[in-house]
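**Student:**
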Amino acid sequence: MPQLPSFIQMYRELVAIPSVSCLDPSWDTSNKPVIDKLATWLECLGFQIDIHELDHQAGKFNLLAHYIPEGAESGGLMLAGHTDTVPWDEGRWTQDPFKLREDNGRLYGLGTADMKGFFAFVIEALRSTDLRQLKKPLYILATADEETTMAGARELDAFGHLKPDFAVIGEPTSMTPVVTHKGHMTEAVRITGKSGHSSNPAAGINAIEIMHDVITELRGIQKEFQQRYHDDAFEVPYPTLNFGAIHGGDAANRICACCELHIDMRPLPGMNISELYGLIDHRLAEVKARYPGAVCLEHMHEPVPGYRCDKDAEIVRLASELTGNAAQPANYCTEAPFVQALGCQTIVMGPGNIAQAHQPDEFIQIDEIAPAQNQLRALIRQVCM
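Count the sequence shown with UniProt numbering and you get residues 1 to 385, in order.
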């Protein structure tokens with residue numbers, strides 16, 4: 001059986017494997033080499049390995065490693081993370097993003113913070129843990145495509161009955177337990193009009209003018225969000241709707257036949273996604289009635305619901321005691337709502353700083369490494385031993 005590499009060597013090997021997820025196929029890569037690497041290392045520790053290829057994403061895989069003591073069929077702890085990274089900007093990185101570099105008290109490389117490196121932390125924490133002493137199950141989950149569609153987290157049912165007591169998703173939070181975040185919806189509004197010469201506006205149907213009416217209605221949703229909803233846990237305490245991109249027309253002397261708007265919505269935890277789509281449909285109903293067949297709303301990807309873990313939950317108390325850090329909200333989105341749907345108390349907590357995520361010359365501070373390893377090791381022992 002292969003020997004388990006050192007912590008730094010594991011980090012180096014994970015960073016060296018491209019595992020970019022991107023909606024642009026020219027960037028997108030399979031995560032299978034990372035999955036295979038993790039499988040080899042976790043087998044060295046005595047874990048059983050299940051690998052699942054995603055149903056609708058060829059070349060993308062989830063891994064579930066499990067160590068289940070005799071007589072302990074459920075409960076325990078799951079440590080989870082995603083194997084993919086965002087693309088890198090060659091013009092802004094000062095080094096090879098796939099070559100781990102140590103400099104100025106930092107480890108640099110794509111995925112060092114967000115978040116392939118988390119798996120090296122977990123495996124290092126387990127190196128000195130005698131799994132034969134476990135009294136409750138321990139699971140390691142590695143998913144695909146978190147950075148795009150969260151397709152991996154949406155297919156956890158492929159592993160059958162999986163219900164740990166607790167789950168920790170190792171996104172870079174500086175080992176601060178995150179217990180709530182907003183959801184994420186990205187929608188495209190497409191207007192189809194009729195082109196014509198600008199000298200005779202009545203001869204066409206101007207898609208930009210229809211989009212103006214659509215935006216007016218969506219602005220009403222923005223105001224409704226601020227008036228109807230409030231959650232003091234967040235710096236921006238209400239749901240948001242952002243107009244992110246708009247494209248339409250090709251010449252000043254033509255009636256615009258096509259116009260497309262991309263919007264981003266961030267619902268609060270507990271808000272019903274179906275009801276939000278219903279709100280948009282209601283707001284746009286009058287515009288659609290005036291221009292039959294002209295207005296179309298399409299999901300750019302499936303929505304991610306908001307997430308909240310009870311601040312008094314046992315996993316929150318335990319994580320805060322081990323790290324000395326009080327629970328906090330986050331402004332970004334994670335796989336937490338999908339993991340939480342398994343029925344387990346779920347937090348987001350891992351080494352590294354979210355400020356480095358998706359940044360050129362991504363890094364993790366070396367002085368964070370030993371404390372985070374010790375805290376993860378203590379968490380495993382307290383829950384599972």
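Heads up, the beta-carbon is just placed ideally off N, CA and C, and yes, glycines get one too. All of these numbers come straight from a predicted model, not from anything done at the bench.
So T192 packs on A289, CB below 8 Å; how close in whole Å?
**Tutor:** Not a contact, Cβ separation roughly 16 Å.
**Student:** Below 7 Å, is the gap between the Cβ of T334 and the nearest heavy atom of the ligand ADP?
**Tutor:** By its list of ligands, the structure shown contains no ligand whatsoever, and the ligand ADP lies outside what it can speak to.
**Student:** Nearest CA to the CA of S128: which residue from N62, H247 and G46?
**Tutor:** G46
**Student:** What are the start and end residues of the alpha helix (DSSP H) that includes I191?
**Tutor:** Looking at the DSSP string, I191 is not in any alpha helix (DSSP H); the run it does join, the beta strand (DSSP E), is M185 to T192.
**Student:** When we look at the beta-carbon of G183 and count the other beta-carbons within 10 Å, is it buried (16 or more) or exposed?
**Tutor:** buried
**Student:** Please state whether the Cβ-Cβ distance between I315 and Q345 is less than 8 Å.
**Tutor:** Yes, Cβ-Cβ distance for I315 and Q345 is below 8 Å.
**Student:** Does DSSP put T216 in a helix, a strand or coil?
**Tutor:** helix
**Student:** Name the two residues that bound the continuous alpha helix (DSSP H) containing D264.
**Tutor:** Element bounds for D264: not the alpha helix (DSSP H) but the beta strand (DSSP E), C258 to R266.
**Student:** Check whether the Cβ atoms of R308 and V179 lie closer than 8 Å to each other.
**Tutor:** Cβ atoms of R308 and V179: closer than 8 Å.
**Student:** Give me the Cα-Cα distance between A16 and S199, rounded to the nearest whole angstrom.
**Tutor:** Put simply, the backbone Cα of A16 is about 59 Å away from that of S199.
**Student:** Smallest Cα separation from A313: which of D213, V168 and Y238?
**Tutor:** V168
**Student:** With distance defined between alpha-carbon atoms, name the residue in D96, D28 and P305 nearest to A58.
**Tutor:** If we check each option's Cα against that of A58, D28 comes out closest.
**Student:** Going along the chain, which residues of its own chain have a beta-carbon closer than 6 Å to the beta-carbon of T323, five neighbours each way excluded?
**Tutor:** Closer than 6 Å at the Cβ level, and outside the excluded window around T323, lie M175 and Q375.
**Student:** Going by DSSP in three states, D84 sits in which element: helix, strand or coil?
**Tutor:** Assignment of D84 by DSSP, reduced to helix, strand and coil, places it in the coil class.
**Student:** What's the gap between the Cα of A245 and the Cα of T186?
**Tutor:** 11 Å
**Student:** Quick one: complete beta strand (DSSP E) runs, 3+ long, within the stretch 230-302?
**Tutor:** 240-248, 258-266 and 295-299
**Student:** Report yes if the C-beta distance between H82 and T143 is below 8 Å; otherwise report no.
**Tutor:** yes
**Student:** P164 and N325 - do their beta-carbons sit closer together than 8 Å?
**Tutor:** no
**Student:** Given H262, which residues of its chain have a CB within under 6 Å of its CB, disregarding the five upstream and five downstream residues?
**Tutor:** A188, G244 and A245
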